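Residue numbers for the sequence shown follow our numbering, beginning at 15 and rising by one.
C-beta: ideal position from N, C-alpha, C; glycine also.
Quantities reported herein were computed from a predicted structural model and do not represent experimental measurements.
Notes follow the structure.
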Amino acid sequence: MEALIIVAHGSKMKSSNDEIVTIVEKIKESNENTNLHVFHAFLELSEPSLFITINNAINKNCKKIKIFPYFLAAGKHVLEDIPCEIKKFKKQYPELEFILLPHIGLCNGIENMIISNS
């Protein structure tokens with residue numbers, strides 16, 4: 015089993031957090047017949063936290079856990095906070111594979127997506 019965790023900043027505005035939940039639900043629907051468990055997590059201001067979500071993935075018996083930072087640029091959360099959390103889990107669960115995926119700003123085709131939506 016594999017897990018994909020979409021981790022976003024989190025907001026005081028419920029509608030902002032709901033956007034992330036909606037995206038994750040769409041990903042789940044398009045992958046419902048696979049061995050991929052898809053989760054959402056927030057770093058601040060909302061739940062579930064990345065810590066809780068990684069534990070949920072482990073409890074679902076996921077052996078490979080991919081973390082996708084839902085951030086446009088590589089700031090402190092992408093460069094420090096998320097890798098630090100992953101490092102703790104790697105130490106505690108050396109038998110599991112944790113993969114930090116590129117943040118949105120580094121995704122192939124981001125420039126085309128921006129142009130096509132302008």
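Every unbroken stretch of the alpha helix (DSSP H) spanning 4 or more residues and falling wholly within the segment 46-104 is given here in chain order: 64-73.
In this structure HIS91 does not touch PHE82 by the C-beta definition: roughly 13 Å separates them, more than the 8 Å allowed. With three or more CB-CB distances shorter than 8 Å, the segment 54-61 counts as touching the segment 24-34.
A Cβ-Cβ contact shorter than 8 Å links HIS54 with VAL35. Take the alpha-carbon of ILE72 and the one of LYS28: they are about 27 Å apart.
DSSP lists no beta-bridge partner residue for LEU110.
When beta bridges are read from the DSSP output, LEU18 appears opposite VAL52 and LYS80. In the three-state reduction of the DSSP assignment, LEU120 falls in the helix class. Cβ contact annotation for ASN75 (same chain, cutoff 8 Å, sequence separation greater than five): MET15, in chain order. The beta carbons of LYS77 and GLU99 sit no closer together than 8 Å. The continuous alpha helix (DSSP H) containing LYS42 extends over residues 28-44. Beta-carbon to beta-carbon, ALA87 and GLY119 are separated by about 5 Å, close enough to satisfy the 8 Å threshold.
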